Every structure is written in C-alpha cells, then in structure tokens.
Amino acid sequence: MTSLQQSRPVGELLRGWRQRRGLSQMDLALRAEVSTRHVSFLETGRSQPSREMLLHLAEELDVPLRDRNGLLVAAGFAPVFSERPLNDPALTATREAVELVLAGHEPYPALAVDRHWTLVTANRAVGVLLADLPPQMLQPPVNVLRLSLHPDGLAPRIENLRQWRDHVLTRLHRQVDASADATLAALLEELKGYPVPEATPDAKARDFAGVVVPLRVRTSLGRLSLFSTTTVFGTPVDITLAELAIESFFPADPETAEALRRAATERARQAT
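Residues in the sequence shown are numbered consecutively from 1237, following my numbering.
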C-alpha cells in the first residue's frame, strides 16, 4: 500500500474497494450480512469498524492480504498478516512444494512469479525459451511480462506477437483494475509503449476457438506452441504466499510435446 493510501481514512479505503469490485452498499451489506446503514456509516466515518468487522468486509471484498493490513493500520489496528521472504525457514515446506511442482511439470516449462510478475524460480525447461537472449535481459530481477514483450527479449521470436501482446496487456489491465497496484499500473504503461507489431496471418496456427491464447515462439528446438495455466496457493495467511503464482506451460500440439520431451532426454543424458 502506498503512503497516500495509508493516510486516507479507513472508510474511504473501504468505499474504494467496494467500488472497485462493482458493488453497491446494499450488495456488500447482503454479502457481509450487515445492514446497509452500517456499511454507509463505516464508509462516511460516522462509525468506526471493529477489527473483526474490518477483516470480515475485506474478505467479502476479496481485498489482497497486503491491503488488508493497510485497512487495519488505517483503522488504528496492528497488521495481522505476516510477510516473509521465500527463503525464510518458516516457509521451507512451501518453498520445497513450489520446487516440486516445477520439477514435476518437466519436460514442459513452468515458473513462479510474485505479484509484480518478477521471476522467483523456474524449472529447467524454461531455459529452452530463454536461450541466447541478451544477458542484460536476464539480469535479476527479471520481469517475465517485460521479457516477453520487450524488443530485446522474446518479442522478435514470438510468431503471434500481436495476439500475445493483446492477451498480456488485457490480463495485466484486469490485475491493475482489481488491485489498484501502482507498480503494476506503471508496468502496464511501459508495456503499452513497446512497438506494436502488425497482425500477420499464420497458416500453421491451430484454432483454439477462443478458449486459450497460445504462445507460438521460435526456439533452438524449432517452433513451439504453448498455452499456460496459473496456480495460486489456497487460503494463504502469509503475504508472500498469497502473492506467489505458478505459471505452467503445456504443449498445444504433438510436435511441441515431442520436441520438449527430446530436449529433456538430452539434458538427462548430458547430466550422467
């Protein structure tokens, strides 16, 4: 939460989150099983929320844990959600679980990112996508959205760059709308400023009927066609875990699956 947000009254912050979720005061009151008048009084500052009520309303509004702490502080309460680095001993089991998921997804690429799309860790198959990129693009911290659309990153290798760019920007725009995160908003503006590729027909492209947007990228293994899924932790009570996501790529055609399997077999052979 920014210092400006933290300085705002808690009622104003609540109203902002309610409006961001597209809810009326009555909608929120019904969800939270309180009176509309009580919601109105809380938002205008005529009533001060208890710690329990504030957390209850934040849950109904799906407020991120980091911002729930901000609401508590604005109301004069201590934060309740911890934030530890992923290498903290308390998160050892979680860190091992992430690595297990990534390793188990091989021979297909998978990576873990934080709330700003900064790369946290990745499996070996991701190296196929990043091979021969300029070293400066891979200097930590690596933002994977920037890496995918930057003219010095993956962009020149993506055959359906216009389609992929639209997908990335739309997804990021939704995140900004949902979170009001200033860093994500700045990233969105940066990515929108990159060169806009021409829409080029791809005779080899498969029709996914609008269900998924594939990533078709040229690599040392040839042309790979992939689609992705996102996994997040269920019911986390730590900010780091709540903001961690695993992006897993799957082959969108048999040729891609076979190329990635062959590459994994070759890596295993070279390791022996």
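A virtual CB, placed ideally from N, CA and C, is assigned to each residue, including glycine.
Bear in mind the structure is a predicted one, so any value in this text is a computation, not a measurement.
Grouping DSSP H, G and I as helix and E and B as strand, with all else coil, what is residue i?
i: Leu1496; result: helix
i: Leu1301; result: helix
i: Ala1439; result: Because Ala1439 carries a pLDDT of 44, less than 50, the predicted location of this residue cannot be relied on, and the following value inherits that uncertainty. Residue state, collapsed to three classes: coil.
i: Val1448; result: coil
i: Val1364; result: helix
i: Thr1508; result: coil
i: Thr1471; result: coil
i: Val1356; result: strand
Taking the alpha-carbon of residue i as reference, which of the options has the nearest alpha-carbon?
i: Ser1484; options: Ser1456, Leu1369, Ala1348; result: Ala1348
i: Ser1286; options: Val1309, Leu1301, Arg1267; result: Val1309
i: Ile1394; options: Arg1452, Phe1313, Val1334; result: Arg1452
i: Ala1367; options: Pro1345, Thr1354, Asp1350; result: Pro1345
i: Asp1303; options: Leu1249, Arg1401, His1386; result: Leu1249
i: Ala1294; options: Leu1477, Gly1252, Val1412; result: Gly1252
i: Arg1497; options: His1341, Asn1323, Pro1245; result: His1341
i: Gly1470; options: Val1246, Pro1325, Thr1330, Arg1320; result: Thr1330
i: Thr1280; options: Pro1245, Gly1306, His1292; result: Pro1245
i: Pro1321; options: Leu1266, Val1404, Thr1476; result: Thr1476
Could you give the residue range of the alpha helix (DSSP H) that holds residue i?
i: Ser1384; result: 1380–1385
i: Ser1415; result: 1397–1415
i: Gly1247; result: 1246–1256
i: Phe1277; result: 1272–1280
i: Leu1427; result: 1418–1428
i: Val1334; result: 1328–1341
i: Met1289; result: 1287–1296
Just how far apart, CA to CA, sit residue i and residue j?
i: Leu1423; j: Asn1379; result: 9 Å
i: His1352; j: Leu1297; result: 21 Å
i: Leu1327; j: Pro1433; result: 42 Å
i: Val1270; j: Met1289; result: 10 Å
i: Pro1487; j: Ser1461; result: 6 Å
i: Ala1481; j: Thr1272; result: 36 Å
i: Thr1238; j: Glu1425; result: Because the pLDDT of Thr1238 is 47, which lies under 50, any placement of that residue in the model is unreliable, and the question is left without a value.
i: Tyr1430; j: Ser1276; result: 43 Å
i: Leu1448; j: Asp1489; result: The sequence given here has Val at residue 1448, not Leu. Each residue's alpha carbon lies about 13 Å from the other.
i: Arg1401; j: Pro1392; result: 12 Å
i: Leu1336; j: Pro1325; result: 17 Å
i: Pro1450; j: Phe1463; result: 5 Å
i: His1409; j: Ala1507; result: 42 Å
i: Ala1358; j: Thr1501; result: 18 Å
Look at the Cβ atom of residue i, then the Cβ atom of residue j, and state whether they are nearer than 8 Å.
i: Leu1457; j: Ala1499; result: yes
i: Leu1427; j: Leu1381; result: yes
i: Asp1474; j: Phe1317; result: yes
i: Arg1503; j: Arg1407; result: no
i: Leu1390; j: Leu1420; result: no
i: Arg1256; j: Ala1478; result: no
i: Leu1266; j: Arg1254; result: no
Residue range of the beta strand (DSSP E) that residue i falls in?
i: Arg1454; result: 1451–1455
i: Ala1220; result: Because the chain is modelled from 1237 through 1508, residue 1220 falls outside the range shown and cannot be assessed.
i: Ile1482; result: 1481–1487
i: Gly1458; result: 1458–1468
i: Ala1314; result: Taken as a continuous stretch (DSSP letters only), Ala1314 belongs to no beta strand (DSSP E), as it is neither H nor E.
i: Leu1347; result: 1346–1349
Shorter than 7 Å, the distance from the beta carbon of residue i to the closest heavy atom of the ligand GDP, or not?
i: Asp1298; result: As presented, the structure is devoid of all ligands, the ligand GDP included, so that no description of it is given.
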